[in-house]
Amino acid sequence: MTTAAPGSTAFDVDQPWRRSPSVALRPEPFGALVYSFSTRKLSFLKSKQLVAVVEALADHPTAAATLTACGVTEAQRPAYVKALADLARSQMITPREPA
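Numbering (the numbering used here), first residue to last: 12 to 110.
Spelled out as structure tokens, the structure:
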């Protein structure tokens, strides 16, 4: 599944991703604050499971494999894919080379 807005990074759940090197996560009771030092954008991850997904992206061969490894159910998957696509669009996560 690939999603993209014109002029932005397309998100493909079947490709490898990682948190952008310029992005910091600050844990919060609701999930985490995400700040990009390069774009100066601030985002909110509204669940601890989404935080776990973002932190684990670099440990798995694809974003889909990360979702599975983090226990995201089939029912939850569309919302998580949308959240990851939004993070890709805002450059909070970036594509990486396959292992």
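C-beta atoms are modelled at their ideal positions from N, C-alpha and C, and glycine is treated no differently.
For residue i and residue j, I'd like the C-alpha separation in whole angstroms.
i, j, result
"residue 96", "residue 21", "7 Å"
"residue 19", "residue 109", "Because residue 19 sits at a pLDDT of 47, beneath the cut-off of 50, its placement in the model cannot be relied upon, and the point is left open."
"residue 31", "residue 76", "19 Å"
"residue 62", "residue 80", "13 Å"
"residue 40", "residue 25", "30 Å"
"residue 90", "residue 60", "12 Å"
"residue 104", "residue 86", "23 Å"
In the DSSP output, what is residue i paired with across the bridge?
i, result
"residue 25", "None, per the DSSP bridge assignment."
"residue 43", "38 and 56"
"residue 106", "28"
For residue i, count the other beta carbons within 10 Å of its own beta carbon; 16 or more makes it buried, fewer makes it exposed. Which is it?
i, result
"residue 98", "buried"
"residue 78", "buried"
"residue 43", "buried"
"residue 23", "buried"
"residue 74", "buried"
Which stretch, first to last residue, makes up the beta strand (DSSP E) that contains residue i?
i, result
"residue 79", "First-last for residue 79: 74-80, but that is the alpha helix (DSSP H), not the beta strand (DSSP E)."
Check each candidate in the options and name the one with the smallest Cα separation from residue i.
i, options, result
"residue 49", "88, 55, 70 and 33", "33"
On the DSSP letters alone, give me the boundaries of the alpha helix (DSSP H) that residue i sits inside.
i, result
"residue 89", "88-100"
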